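Every position in the sequence shown, counted from 1, becomes a number in the working numbering once 595 is added. We treat Cβ as the ideally placed atom computed from N, Cα and C, and that holds for glycine. Since the structure is predicted, the reported quantities are computational estimates derived from the model, not experimental observations.
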Amino acid sequence: MRCRVIAIAVACALTACVPATTQYVPQIVAQDELTLSYDGRFGVYAGERKLTQGLLYHGLAGHVRCVPLALKHGRAAEEAGARAVAFSVVGGVMGGLAPLSFISFISPDPTTRAVSLAGGLVSAVIGAVFAGLAYKQKNEANGSAVDAVNFYNDALGSYGGSCAVGGVLPIFAPPASAPASLPASAPAND
596 MRCRVIAIAV ACALTACVPA TTQYVPQIVA QDELTLSYDG RFGVYAGERK LTQGLLYHGL
656 AGHVRCVPLA LKHGRAAEEA GARAVAFSVV GGVMGGLAPL SFISFISPDP TTRAVSLAGG
716 LVSAVIGAVF AGLAYKQKNE ANGSAVDAVN FYNDALGSYG GSCAVGGVLP IFAPPASAPA
776 SLPASAPAND
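So, in C-alpha cells, the structure goes:
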C-alpha cells in the first residue's frame with residue numbers, strides 16, 4: 596500500500612513538470628492588436644506578425660510608445676530582460692568557477708587547499724545569488740511585458756488603432772457613447 600501511495604505521488608509530481616504551451620490561437624485579431632503566446636518563452640504578436648519575444652522584448656516599448664502606461668511597462672520589460680540575461684551570465688560564470696577549487700588538492704600545502712576551497716565556496720554562493728536575481732528579473736520582464744500588452748490593447752490595439760499612424764483609431768472605432776436602451780415601442784429582434 597505504501598509503495599502505491601509513493602508511486603501516485605511521484606506520478607503527480609512528474610505531471611507538474613510538463614512545460615506549458617499555448618494551445619489557443621486567436622481567430623480574429625485587430626490589425627495592430629497585440630497577442631501573447633507561450634512556448635517556453637513569451638512571444639508578442641502584432642496582428643499576425645511576430646513583434647518580439649522574451650526575455651529581452653526588443654521593440655516592445657517602441658511599438659506601444661503612444662500609450663504612456665504601456666510605454667512605461669514596455670521599457671521596464673526590456674530593461675528587466677537585459678538585467679536577467681546579464682545576471683544569468685554572471686551567475687553561470689561564477690558557479691562554473693567553483694568546481695575549479697578542487698584542483699587545489701594537488702597542492703601538498705593544507706593552507707593552499709583551505710583557501711582554494713573557501714574561494715570555490717564563495718564563488719558558488721555568488722553564482723547562486725546571481726542566478727536567483729536573474730530569475731527575479733525574468734519574472735519582472737515577463738510581467739511588465741504582459742502589462743504593456745494589456746495597457747496598449749485596452750487603449751488602442753483592440754480597436755484597430757496603432758502607434759504607427761500617430762495613435763489614432765480607425766474610422767470604424769466603436770462610438771464613445773451608445774444609447775442606454777431601446778425605446779419602449781421598438782419591437783425586439785429575435
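Decide if residue i is buried, meaning its Cβ has at least 16 other Cβ atoms within 10 Å, or exposed.
i: Asp749; result: exposed
i: Ala693; result: buried
i: Tyr652; result: buried
i: Ser757; result: buried
i: Met689; result: buried
i: Val720; result: exposed
Grab the span of the alpha helix (DSSP H) containing residue i for me, first residue to last.
i: Gln732; result: Pro705 to Ala750
i: Leu666; result: Pro663 to Leu692
i: His658; result: Leu655 to His658
Alpha carbon to alpha carbon, how far is residue j from residue i? Give it in angstroms, no decimals.
i: Ser696; j: Ala759; result: 55 Å
i: Thr656; j: Ala729; result: Sequence check: residue 656 is Ala here, not Thr. Taking the straight line joining both Cα atoms gives about 21 Å.
i: Ala671; j: Leu664; result: 11 Å
i: Leu650; j: Glu673; result: 8 Å
i: Gly722; j: Ala743; result: 31 Å
i: Gly676; j: Ile601; result: 40 Å
i: Glu735; j: Arg678; result: 10 Å
i: Ala625; j: Leu716; result: 54 Å
i: Ser739; j: Gly669; result: 6 Å
i: Thr707; j: Lys733; result: 39 Å
i: Val741; j: Ala681; result: 22 Å
i: Phe746; j: Val662; result: 7 Å
Along the chain, where does the beta strand (DSSP E) containing residue i start, and where does it finish?
i: Gly756; result: Element bounds for Gly756: n/a, residue is neither H nor E.
i: Gly638; result: Phe637 to Ala641
i: Leu646; result: Arg644 to Gln648
According to DSSP, what are the bridge partners of residue i?
i: Asp627; result: Partner(s): none; Asp627 has no beta bridge.
i: Ser632; result: Gly638
Any idea what DSSP makes of residue i, helix, strand or coil?
i: Arg599; result: helix
i: Ser702; result: coil
i: Leu798; result: Residue 798 cannot be examined here, being either before or after the span of the chain that is shown, 596 to 785.
i: Pro774; result: Below a pLDDT of 50, predicted positions are generally treated as unreliable, and Pro774, at 48, falls in that range; no measurement from the model is reported.
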